[in-house]
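Written below as C-alpha cells is the structure these notes are about.
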C-alpha cells in the first residue's frame, strides 16, 4: 500500500514557469500507473517517493513505514526507503558486468547467499548467458530485464519505473510488458509506473492515476476512467471524441431530463444534478453510441444535421468525422449503404449523453 | 665549449621529486575539496570555490609573499613546523613542494569537481535506491566513472607542478644542490650566460610536458556512447 500526499512548489525561473505539484494518491494495486502528458508532474511524484526530491508539505507511507512527513520533519534518504527505481536509461553501472551490477544490489547478504540469489535472479530473467558482459554489450531487452532484476534484488517494498517504454520499438515494448507481468506473478512487490502512453495504461494498470499540470484529476481502474472521465482534461488526455461545448437550457428533475444547446441545436439529455440554467458545460458521447444516417429531408428529435469531413478506416470499423467536431464509429457494412452521401444526420440517444 | 660539459642533474631530480610529492598532496586535498564542492549543500559553496581558485589568478610573487608570511620562521605555522622537523620550512626543498602544490592544486580541484559532476546522476541515484551509503557510492560508482578524467587531471597537475617558478623562488629560493628546481636552474643558466645548459634543460622539460599531455589525452576521458 502506498499513500502519498505531496505538495511541492517551484517558483518561476528563467527557463520555466511556476509549477506546483499537489497530489494525494493512495493505492494498494499490484500495478499502478501514473498517467499524464509531459510536464504533468509524474516523474516528480516518483522522485518524491524515491527520496530524490523533498516535498514542501505532505506525508509518504509505504505499508506502515513512514518515509516522509513534513509535519514531523521525517525525510528518509533514498538508501533507507526500500524503493527500487528503474531508470529510463536503465542506469546499469557501465564499469561493472551485469553480474556485478546485480551483486551491488545485494551486498548486505553474505557472500554465498548473495551469489545464490544473483544467479537465481539472472536465471529467472534469462540473463545467465550474458552475466559476464558489460551493459554496453547487452541488447536493449537484456538491459531492461537486468535493471529490473537489479532493483528486485535489493528486496524493495515498491518498484518505481520511469517511462520504461519510452523510445522502445513495438517488439521491445511487448517484451517489457511480459517482463512486468512476470514480476507481478512471481514477486509480491507492487509496481508504480509512469507513462504518457495510454496503451501502456490499459496493458498494465490495475489502478490508474491521471495527472494534469501537477494535479490529480482522477484515479481508478483504467476501464472505469475511460467509461466515466470526470473532467474535460481527462477526456482530452484519453483521446476521447465528441467533447462538445454546450449550454444548459432547461432542467426538469420530474422527467429526469434536461435541454442542452449545442451549436444551433437543442438536445434532450438526462437530468443534470448540481447544474444551473445557463451553465456552460462539456458534453461527451462515445462515438459508438451515436448513430448516423444519410440525410433525407426532415430532422427528428435529438438529431443534428452535419456534413461528412473525413473517413478513417479502422481494423474492424470506420470512423466518420463530421463538421462540428462530431465523431461516429460504425461497421463497414453500415457505412457502405451511405458511402456517397455528404450530408448526414447524427442522433444523440438521450441516455448516452454525459456532461463533464 | 664542446661536447663534454659537466651537467648537474640535481635540478631535474629535485623537480621530479617535488612534482610527485606535491601532486600526491594535491590529489588527496583535491578529491576531498572537489567532493565537498560537487556534493555539499551549504552556504558559501561558491565562495569557497572562488577562494580556492584565487591562486590561479594571483601573480606568483604575491602567492609567494603570502606563503612567506604564513610559513616564515616568525609565523605560528613556521614555528610549529620547525618544532616538529627541527629546521625551518622556508628555503628548504620542502618549501618547493608547498610552492608546487599551490601552483597545481587549484586547477586540479576544478578539474576533479567537473569530473565528479559530469557523472550521470542516474547512476548515483540508482546506487542510492539499491541501498548504497555515500561512501560506497563514491568509491564504487562515482570514482570509477570519473577516474579517467581524474587521472588526466592528475597528469596535467603533475606537469604544472614540474614547472613552477615564481612561488618556488620566493619561498624556496635558488640554492644550487638544495632548492634549485629545473625551472629555477634554467633561469640561473640564462643569467649566467650558459646557453647550452639552458637549451638542454628547456628541451628536457618540454619533452616531459609534451609526453604527459599526450598520455593524458590518450588515456583520458573517452567519449563513450550512452
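Chains as they are written, first to last, in the working numbering: chain S, 22 to 377; chain C, 1088 to 1313. Backbone N, C-alpha and C fix where the C-beta goes; we use that ideal spot for every residue, glycine too.
Tell me which residue opens and which closes the alpha helix (DSSP H) that residue 215 (chain S) is part of.
Here the question's residue 215 (chain S) lines up with position 194 in the first chain. Where residue 215 (chain S) is concerned, there is no enclosing alpha helix (DSSP H), although the beta strand (DSSP E) it sits in stretches over 212-216.
Contacts of residue 1320 (chain C) in chain S (Cβ-Cβ under 8 Å):
Not covered by the structure: residue 1320 (chain C). The range shown for chain C is 1088 to 1313.
Would you grab the beta carbon distance between residue 120 (chain S) and residue 143 (chain S) for me? Rounded to a whole angstrom, and I think it's under 8 Å.
Taking the first residue of the first chain as 1, we reach residue 120 (chain S) at position 99. Taking the first residue of the first chain as 1, we reach residue 143 (chain S) at position 122. Residue 120 (chain S) to residue 143 (chain S), Cβ: 7 Å. Contact.
Where the region 1191-1221 of chain C meets chain S: residues whose CB sits under 8 Å from a CB there
1207, 1209, 1210, 1212, 1213, 1214, 1215, 1216, 1217, 1218, 1219, 1220
Give the C-beta separation of residue 1299 (chain C) and residue 1289 (chain C) to the nearest angstrom, bearing in mind that I take them to be a contact with Cβ-Cβ under 8 Å.
As a position in the second chain, residue 1299 (chain C) is number 212, starting the count at 1. As a position in the second chain, residue 1289 (chain C) is number 202, starting the count at 1. Not really, about 16 Å apart at Cβ, beyond 8 Å.
Let's see if you can read the secondary structure: which residues bound the beta strand (DSSP E) around residue 1228 (chain C)?
Along the second chain, one-based indexing puts residue 1228 (chain C) at 141. Counting along the chain, residue 1228 (chain C) falls outside any beta strand (DSSP E), and DSSP gives it neither H nor E.
Cβ closer than 7 Å: which chain S residues qualify as neighbours of residue 1238 (chain C)?
Within the second chain, numbered from 1, the residue matching residue 1238 (chain C) stands at position 151. In chain order: nothing, as chain S lies at least about 14 Å away.
Under the DSSP definition of a beta bridge, which residues are partnered with residue 351 (chain S)?
In the first chain, the residue the question calls residue 351 (chain S) occupies position 330. According to DSSP, residue 351 (chain S) bridges with S:339.
Chain C within 7 Å of residue 99 (chain S), Cβ atoms only:
Your numbering for residue 99 (chain S) matches position 78 in the first chain. It does; some Cβ of chain C falls within 7 Å.
Any beta carbon of chain C sitting closer than 7 Å to that of residue 116 (chain S)?
What you label residue 116 (chain S) is simply residue 95 of the first chain in a count that begins at 1. Chain C contact via Cβ: present.
Can you list the alpha helix (DSSP H) stretches of 4 or more residues lying completely in the region 223-285 of chain S, in chain order?
243-248, 253-258
Contact defined as beta carbons within less than 8 Å: I believe residue 80 (chain S) pairs with residue 89 (chain S). What is the distance between those atoms, to the nearest angstrom?
For the purposes of this step, residue 80 (chain S) is taken as residue 59 along the first chain, with counting starting at 1. For the purposes of this step, residue 89 (chain S) is taken as residue 68 along the first chain, with counting starting at 1. Sure, about 6 Å apart at Cβ, within 8 Å.
Residue 208 (chain S) at chain C interface by Cβ criterion, 7 Å
Reading the first chain from its first residue, position 187 is the one you call residue 208 (chain S). Output row for residue 208 (chain S): interface = no.
Where does residue 1097 (chain C) fall in DSSP's three states?
As a first step, residue 1097 (chain C) is located in the second chain; it is residue number 10 there, counting from the start. In the structure shown, residue 1097 (chain C) sits in a helix (DSSP, three-state: H, G or I).
Buried versus exposed call for residue 353 (chain S) [16 or more other C-beta atoms within 10 Å across all chains shown]:
Counting from one through the first chain, the residue named residue 353 (chain S) turns up at place 332. By the 10 Å Cβ count, residue 353 (chain S) comes out exposed.
Using CA coordinates, which residue listed in S:272, S:130, S:197, S:315 is at the minimum distance from residue 295 (chain S)?
For the purposes of this step, residue 295 (chain S) is taken as the residue at position 274 of the first chain. Of S:272, S:130, S:197, S:315, the residue nearest in Cα terms is S:272.
Roughly how many angstroms separate the alpha carbons of residue 302 (chain S) and residue 159 (chain S), rounded to a whole number?
Numbered from 1 along the first chain, position 281 holds the residue referred to as residue 302 (chain S). Numbered from 1 along the first chain, position 138 holds the residue referred to as residue 159 (chain S). Roughly 53 Å separates the two Cα atoms.
Who are the neighbours of residue 1101 (chain C) on chain S, taking C-beta pairs under 8 Å?
Taking the first residue of the second chain as position 1, residue 1101 (chain C) is located at position 14. The premise fails here: residue 1101 (chain C) is roughly 38 Å from chain S at the closest Cβ pair, so nothing lies under 8 Å.
Own chain residues within Cβ distance below 6 Å of residue 1306 (chain C), not counting five before or after:
Counted from its first residue, the second chain places residue 1306 (chain C) at position 219. Result list for residue 1306 (chain C): empty, nothing under 6 Å.
Using a Cβ-Cβ distance under 7 Å, would residue 106 (chain S) count as near chain C?
For the purposes of this step, residue 106 (chain S) is taken as the residue at position 85 of the first chain. Answer yes: the Cβ-Cβ gap between residue 106 (chain S) and chain C drops below 7 Å somewhere.
Rounded to the nearest angstrom, what separates residue 1125 (chain C) and residue 1095 (chain C) at their Cα positions?
Residue 1125 (chain C) sits at position 38 when you count from the first residue of the second chain. Residue 1095 (chain C) sits at position 8 when you count from the first residue of the second chain. Whole-angstrom Cα-Cα distance: 45 Å.
Using only the alpha-carbon positions, how far apart do residue 148 (chain S) and residue 225 (chain S) sit?
Position 127 of the first chain, counting from 1, holds the residue named residue 148 (chain S). Position 204 of the first chain, counting from 1, holds the residue named residue 225 (chain S). So the alpha carbons of these two residues sit roughly 23 Å apart.
Take every Cβ of the region 1103-1122 of chain C, pair it with every Cβ of the region 329-349 of chain S, and state whether three or more of those distances are shorter than 8 Å.
no
For the alpha helix (DSSP H) that residue 1183 (chain C) lies in, which residues bound it at each end?
Residue numbering aside, residue 1183 (chain C) sits at position 96 when the second chain is read from its first letter. Here the alpha helix (DSSP H) through residue 1183 (chain C) covers 1180-1204.
Contacts around residue 1116 (chain C), its chain only, beta-carbon distance under 7 Å, and the 5 residues preceding and following it disregarded
Along the second chain, one-based indexing puts residue 1116 (chain C) at 29. Taken in chain order, the residues that qualify are 1192.
Note down the Cα distance separating residue 182 (chain S) from residue 109 (chain S), rounded to an integer number of angstroms.
As a first step, residue 182 (chain S) must be located in the first chain, where it is residue number 161. As a first step, residue 109 (chain S) must be located in the first chain, where it is residue number 88. One C-alpha to the other measures close to 8 Å.
With 16 as the cutoff for other CB atoms within 10 Å, does residue 1156 (chain C) come out buried or exposed?
Here residue 1156 (chain C) corresponds to residue number 69 of the second chain, with the count starting at 1. Its Cβ having fewer than 16 others within 10 Å, residue 1156 (chain C) is exposed.
Residues in the same chain with beta-carbon distance under 8 Å from residue 1091 (chain C), minus the five sequence neighbours each way, listed in chain order, please.
To locate residue 1091 (chain C), count along the second chain from 1; it is residue 4. Its pLDDT being 49, under 50, residue 1091 (chain C) is placed unreliably in this model, and the value from its coordinates should be taken loosely. Same-chain partners within the cutoff: there are none.
By alpha-carbon positions, which one of S:192, S:208, S:94 ends up nearest to residue 180 (chain S)?
Here residue 180 (chain S) is taken as the residue at index 159 of the first chain, counted from 1. When only C-alpha atoms are compared, the closest one is S:208.
How would you label residue 332 (chain S), buried or exposed, when you count the other beta carbons within 10 angstroms and need 16 or more for buried?
Along the first chain, one-based indexing puts residue 332 (chain S) at 311. Exposed.
Look up residue 1147 (chain C) in the DSSP assignment and say whether it is helix, strand or coil.
Here residue 1147 (chain C) is taken as the residue at index 60 of the second chain, counted from 1. In this structure, residue 1147 (chain C) counts as helix in the three-state DSSP scheme.
Measuring alpha carbon to alpha carbon, tell me which of S:60, S:56, S:55 ends up nearest residue 39 (chain S).
Here residue 39 (chain S) refers to the residue found at position 18 of the first chain. The option with the nearest alpha carbon to residue 39 (chain S) is S:60.
Return the CA-CA distance between residue 1210 (chain C) and residue 1237 (chain C), expressed in angstroms with no decimal places.
For the purposes of this step, residue 1210 (chain C) is taken as residue 123 along the second chain, with counting starting at 1. For the purposes of this step, residue 1237 (chain C) is taken as residue 150 along the second chain, with counting starting at 1. Whole-angstrom Cα-Cα distance: 18 Å.
Would you list the residues sitting across from residue 315 (chain S) in a DSSP beta bridge?
Residue numbering aside, residue 315 (chain S) sits at position 294 when the first chain is read from its first letter. Paired residue(s): S:365.
Taking 7 Å as the cut-off, decide whether the C-beta atoms of residue 321 (chain S) and residue 371 (chain S) are in contact.
As a position in the first chain, residue 321 (chain S) is number 300, starting the count at 1. As a position in the first chain, residue 371 (chain S) is number 350, starting the count at 1. No, Cβ-Cβ distance for residue 321 (chain S) and residue 371 (chain S) is not below 7 Å.
If the cut-off is 8 Å on Cβ atoms, which residues from the region 255-286 of chain S count as contacting chain C, listed in chain order?
none
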